[in-house]
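Notes to accompany the following structure.
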Amino acid sequence: MIIKGRVWVYSDNVDTDVIIPARYLNTSDSKELAKHCMEDIDESFAKEVKNGDIIVAGYNFGSGSSREHAPIAIKASGVACVIAKSFSRIFYRNAFNIGLPILESNVVDELEKSDEIEVDTKKGQIKVLKNGKVFESSVIPEFMQRLIESGGLFNYAKEILKV
Amino acid sequence: MGMTISQKILANKANKDEVKPGEIVMADVDLTFANDITAPIAIDFVKRLGVDVFDKGKVALIPDHFTPNKDINSANQCKIMRDFVMERNLPNYWETGEVGIEHALLPEQGYIKPGMLIVGADSHTCTHGALGAFATGMGSTDLGFAFATGKSWFRVPESIKFIYKGKRKKWVVGKDLILYTIGKIGVAGALYKSMEFTGDAIRELPMEDRLTMCNMAVEAGAKNGIVEPDEITVEYLKERGIENDQYGILKSDADAEYSSLIEIDVSNIEPQVAFPHLPSNAKGISEIKDDIKINQAFIGSCTNGRISDLREAAKVLKGKKVAKYVRLIIIPATVQVYRQALKEGLFDVFLDAGAVISTPTCGPCLGGYMGILADGEVCVSTSNRNFVGRMGSKKAFVYLSSPAVVAASAVAGKIIHPDEVLK
Ligand code: SF4
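Line order of the protein sequences matches chains A and B.
Using this note's numbering, the first residue of the first sequence is number 6, and each one after it goes up by one.
Using this note's numbering, the first residue of the second sequence is number 62, and each one after it goes up by one.
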């Protein structure tokens with residue numbers, strides 16, 4: 006998959022409490038959640054985010070709670086993919102399970118808000134359009150590639166249970 | 062090559078002789094649970110599949126975050142849970158009046174045994190490793206999958222071995238050891254890894270303190286925290302009517318591989334305070350030079366809402382008054398803790414001091430209700446997270462500490478060592 010879009014840039018340790026604050030967790034409605042996405046770190050995000058935008062960040066993105074509402078809110082905001090230096094492990098699982106592509110890379114160091122990048126998720130390559138620099142991302146483990154191929158955890162459950 | 066206790070449990074449950082760090086395995090789980098925030102999505106997953114849960118006895122649904130329901134939306138979420146429980150006739154459900162915070166409730170009620178593989182749709186599921194189980198938090202879709210299939214996939218983690226030596230100082234509890242540890246390694250210091258807590262100082266540590274330590278493993282990014290079972294574990298289970306023929310005890314091999322060994326001399330550790338806005342901003346209390354005035358003090362949560370925590374707080378609060386214009390909120394984590402505290406007269410101590418006592422709930426820990434912070438306010442809390450906006454306003458400041466320090470701070474109106482209040 007090739008994803009081309011403009012970036013929102015964040016630093017290290019963006020936790021799930023700022024991605025979607027607990028005061029909005031009394032619903033699982035994705036559109037409702039998207040309205041408050043990133044609110045406590047960047048009030049402009051929910052207002053200005055466009056379909057196909059990309060979030061790039063530093064280390065330990067998505068740390069904190071297990072709330073799947075965090076990747077759900079990001080996905081429902083129209084974000085096409087998240088690229089960070091590293092992810093908290095629960096966020097990492099959740100993103101795969103709900104079909105939000107995420108990649109590990111240091112590309113954030115090269116970027117400013119609204120720069121454009123092109124991501125090749127298969128090859129694991131990220132191109133910075135303003136200067137043509139290419140960053141490699143870590144490869145997705147084979148098991149998780151299979152998960153994505155079967156269409157996420159739901160279809161995988163169907164296969165196992167033969168329903 | 063030998064295996065760590067975490068590897069052994071995963072190997073057992075994946076039906077393998079051996080597993081190696083980095084390997085991904087599909088394993089059978091012994092207990093699966095979710096709360097009122099995470100259950101609705103997991104329930105929807107099971108319903109859409111059109112199947113039953115894999116084993117009624119191994120599914121627990123615990124409405125603890127926003128109960129008694131704080132508003133219409135949270136009532137609707139609990140209703141989804143309750144309807145599902147009623148429709149499927151699931152035995153492990155606790156109504157308001159019985160429910161407690163999941164990570165306090167499950168061990169207390171004897172649901173956790175050594176060697177179990179446990180997944181919960183809550184990040185603090187790692188708490189249960191204190192009993193020698195492999196327990197880890199996941200998201201709702203993962204739990205939906207586990208509810209339906211009885212399985213979950215795991216990347217076998219590398220382990221870090223923490224060796225705690227020496228005698229603890231007065232007032233130093235499990236909370237201080239774990240805050241100190243996270244302060245040392247950072248919030249991603251154990252990312253994707255297992256934190257194995259060992260050493261003489263752990264062998265002497267009461268079970269409730271071990272639960273506190275494992276509870277915060279996730280605050281260092283860990284997949285799980287774990288303590289090898291010993292006499293204290295056996296005793297804790299016996300008190301719950303679980304004899305040692307009902308579980309096996311696994312230990313790490315002497316030649317097990319660790320990604321690192323970290324030795325900590327606990328005799329040098331003083332009461333710890335984690336400054337805003339990360340649990341890793343831990344400092345020894347004597348390092349605090351300027352007064353940190355507080356507006357609110359909170360004693361509760363799955364980290365420190367157990368009976369030993371309330372006893373520690375009461376030791377400090379006895380005969381004292383909460384400072385003027387400071388709110389002290391105390392929330393026993395379960396009904397059993399609530400009743401026990403009442404019986405022991407702790408409620409009188411708290412009420413005489415001017416504290417308010419709530420029914421068991423997560424409440425203010427995650428900024429839900431029952432003690433939300435206003436702009437610019439400062440709270441010292443026994444909970445596990447002090448992120449921006451965690452307890453209400455994103456302009457508020459949360460400091461983390463032990464029950465004794467929080468109680469002392471409530472009396473002094475500023476963050477302070479318990480000895481200062483008692484002298
Ligand atoms: S007490 Fe706090 S940390 Fe523990 S389960 Fe509840 S919200 Fe989560």
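All residues carry an ideal CB built from backbone N, CA and C; glycine is no exception.
Among the bridge pairs identified by DSSP, glycine 161 of chain B is matched with none.
Looking at the DSSP output, arginine 229 of chain B shares a beta bridge with no other residue.
Here cysteine 86 of chain A is bridged, per DSSP, to A/Ile59. Remark: C-beta atoms of isoleucine 123 of chain B and leucine 151 of chain B do not approach each other more closely than 9 Å.
Counting only runs of 4 or more residues that sit fully inside the region 134 to 217 of chain B, the alpha helix (DSSP H) segments are 163 to 169, 201 to 210, in chain order. Below the 7 Å Cβ cutoff, chain A contributes Ser71, Ile95, Arg98 as neighbours of methionine 199 of chain B, in chain order. One alpha carbon belongs to asparagine 447 of chain B, the other to serine 462 of chain B, and they sit about 11 Å apart. In the three-state reduction of the DSSP assignment, threonine 273 of chain B falls in the helix class, which pools H, G and I. Cβ-Cβ distances below 6 Å link methionine 149 of chain A to Phe101 in the same chain, with the five nearest sequence neighbours on each side left out; the list follows chain order. At a cut-off of 9 Å, the C-beta of alanine 39 of chain A has no neighbouring C-beta in chain B. In the three-state DSSP reduction, phenylalanine 411 of chain B falls in the helix class (H, G or I). At least 9 Å separates the CB of lysine 81 of chain B from every CB of chain A. Closer than 9 Å to the CB of proline 101 of chain B there is at least one CB belonging to chain A.
Listed along chain A are Asn31, each with a C-beta nearer than 7 Å to that of aspartate 132 of chain B. Identification of residues in the region 133 to 161 of chain B having a C-beta nearer than 7 Å to some C-beta of chain A yields Asn134, Ser135, Gln138, given in sequence order. Here the region 79 to 90 of chain A lies against the region 24 to 44 of chain A, with 3 or more beta-carbon pairs under 8 Å apart. In this structure, leucine 427 of chain B has its beta carbon less than 8 Å from a heavy atom of the ligand SF4.
Using a Cβ distance threshold of 9 Å, alanine 394 of chain B and glycine 366 of chain B count as a contacting pair. For asparagine 111 of chain A, there are no neighbours in chain B by C-beta distance under 7 Å, as the nearest C-beta there is about 15 Å away.
Of all alpha-carbon atoms in B/Ala435, B/Phe208, B/Ile392, the one lying nearest the alpha-carbon of glycine 111 of chain B is that of B/Phe208. Here valine 144 of chain A is exposed: its Cβ has fewer than 16 other Cβ atoms, across all protein chains shown, within 10 Å. DSSP places phenylalanine 66 of chain A in the strand class (E or B) of the three-state scheme. The straight-line gap separating the alpha-carbon atoms of glycine 211 of chain B and aspartate 203 of chain B is approximately 11 Å. By the 16-neighbour rule on beta-carbons within 10 angstroms, methionine 452 of chain B is buried. Under the three-state reduction of DSSP, glycine 63 of chain B is assigned to strand.
Lysine 226 of chain B is positioned such that its CB atom lies closer than 9 Å to that of isoleucine 325 of chain B. Around the beta-carbon of isoleucine 133 of chain B, fewer than 16 other beta-carbon atoms lie within 10 Å, marking it exposed. Residue range 35 to 39 is occupied by the alpha helix (DSSP H) that includes leucine 38 of chain A, with no beta strand (DSSP E) assigned at that position.
Of the candidates B/Arg301, B/Gln333, B/Met268, B/Phe223, the residue whose Cα lies closest to the Cα of serine 320 of chain B is B/Phe223.
The beta carbon of serine 184 of chain B falls within 9 Å of a beta carbon belonging to chain A, placing the residue at that interface.
Within the region 83 to 140 of chain B, the runs of alpha helix (DSSP H) that reach at least 4 residues and sit entirely inside it are, in chain order, 100 to 110. Residues of the region 78 to 92 of chain A with a C-beta less than 8 Å from any C-beta of chain B: Ser91, listed in chain order. Cβ neighbours of proline 101 of chain B within its own chain (closer than 6 Å, five residues either side excluded): Gln138, Ile141. In this structure, leucine 298 of chain B places its C-beta atom within 9 Å of the C-beta atom of lysine 174 of chain B. Think of a sphere of 9 Å around the beta carbon of isoleucine 85 of chain B: the chain A residues whose beta carbon falls inside it are Pro146, Glu147, Phe148, Met149, in chain order.
The C-alpha of aspartate 261 of chain B lies about 17 Å from the C-alpha of tyrosine 241 of chain B.
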